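*Asks:* Got a structure for you, questions after.
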Amino acid sequence: MGRVLINLEGVFYSCKHCNTDLAHASQFLLEESFGGRHGRTYLFNNVVNVTFGEQEEREMMGGLHTVVDIFCFKCGSNVGWKFLSAQQQTEEYKVGKFILKRSLLQMWVPAAAAN
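Heads up: the sequence shown begins at 243 in this note's numbering, then just goes up one per residue.
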């Protein structure tokens with residue numbers, strides 16, 4: 243049996259390429275700008291409908307982190323990464339959280355919520 247996609251309700255973010263639901267707006271924590279190739283990114287408590295890449299060490303603005311890339315389950319687009327560990331104590335708030343790349347997201351707002 244294949245994996246079942248989770249459909250979110252209310253305000254949520256989806257994959258820009260295939261419209262697969264990725265994160266509910268209530269899981270949004272903050273917006274960050276990593277500059278360069280990633281541009282603006284959003285930090286979330288939780289995401290859905292993703293698969294995980296290989297664990298790797300990645301040097302970022304906040305120091306060295308252990309991360310795994312995350313991919314849209316439906317189309318395979320690399321939509322961000324998950325923080326597994328942080329070398330700097332000031333970056334530990336990101337551990338277990340998810341980054342989604344703003345340029346690969348679209349926000350869905352139900353008509354009732356928009357009025």
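All residues carry an ideal CB built from backbone N, CA and C; glycine is no exception.
Please read these numbers as outputs of a predicted model, since none were measured by experiment.
Straight-line CA distance for Leu347 to Leu306?
*Replies:* 26 Å
*Asks:* Can you name the residues that DSSP bridges to Met302?
*Replies:* Gly305
*Asks:* Give me the Cβ distance between Val292 and Phe313, rounded to the nearest whole Å; I'm assuming they're in contact under 8 Å.
*Replies:* The Cβ separation is near 6 Å, so the contact holds.
*Asks:* Between Val290 and Val246, what straight-line distance do the alpha-carbon atoms span, to the nearest angstrom?
*Replies:* Val290 and Val246 have their C-alpha atoms some 11 Å from each other.
*Asks:* Please work out which residues of its chain come closer than 8 Å, Cβ to Cβ, to Arg344, disregarding the five sequence neighbours upstream and downstream, and give them in chain order.
*Replies:* Glu273, Gly281, Arg282, Thr283, Tyr284
*Asks:* Using 10 angstroms around the beta-carbon of Ile341, count the other beta-carbons present and answer buried if the total reaches 16, otherwise exposed.
*Replies:* buried
*Asks:* Using C-beta distances below 8 Å, list every residue in its chain close to Gly304, excluding the 5 sequence neighbours before and after it, in chain order.
*Replies:* Ala328, Gln330, Thr332, Glu333, Lys336
*Asks:* Tell me where the beta strand (DSSP E) around Phe270 begins and ends.
*Replies:* 270-275
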